[in-house]
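*Asks:*
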Amino acid sequence: SIEDKIVRFADKERHQLFLEPEGRNTEEVYVQGLSTSLPEDVQRDLVHSIKGLENAEMMRTGYAIEYDMVLPHQL
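Those letters in the sequence shown? Residues 1 to 75, per our numbering, in order.
Printed below as a string of structure tokens:
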């Protein structure tokens, strides 16, 4: 996530991002390198802070999934 990158690479002034088309029949673009689960308003501000994406429209917000598990013998 971008949050992890900022912590791990705090000495860096920039983080590389790639704009990847989502498919042939859509105008949607995925910002590779910007995965995040921050609140929607923060995500929107973050995308709009990127040069060239100031007027971008977010189709979907990012989200996180956390997995928990219990070992069978612990039941």
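Note that CB positions come from ideal geometry on N, CA and C, so glycine has one too.
Would you mind giving the Cβ-Cβ distance between methionine 59 and glutamate 20, rounded to the nearest angstrom? I have them listed as a contact below 8 Å.
*Replies:* Taking the first residue of the sequence shown as position 1, residue 59 is located at position 59. Taking the first residue of the sequence shown as position 1, residue 20 is located at position 20. At roughly 14 Å, the Cβ-Cβ gap does not stay under 8 Å, so methionine 59 and glutamate 20 are not in contact.
*Asks:* Straight-line CA distance for arginine 24 to leucine 71?
*Replies:* As a first step, residue 24 must be located in the sequence shown, where it is residue number 24. As a first step, residue 71 must be located in the sequence shown, where it is residue number 71. Between arginine 24 and leucine 71, the C-alpha separation is close to 44 Å.
*Asks:* Between aspartate 4 and phenylalanine 18, what straight-line distance do the alpha-carbon atoms span, to the nearest angstrom?
*Replies:* Translated into the one-based positions of the sequence shown, residue 4 becomes position 4. Translated into the one-based positions of the sequence shown, residue 18 becomes position 18. Distance between the alpha carbons of aspartate 4 and phenylalanine 18: 17 Å.
*Asks:* According to DSSP, simplified to helix, strand and coil, what is valine 20?
*Replies:* The residue labelled residue 20 in the question sits at position 20 within the sequence shown. Looking at the sequence itself, residue 20 is glutamate, so the reference to valine does not match. Strand, per DSSP.
*Asks:* When you compare the segment 59-68 with the segment 37-50, are there three or more beta-carbon pairs, one atom per stretch, that lie closer than 8 Å?
*Replies:* Enough Cβ pairs lie closer than 8 Å, so yes.
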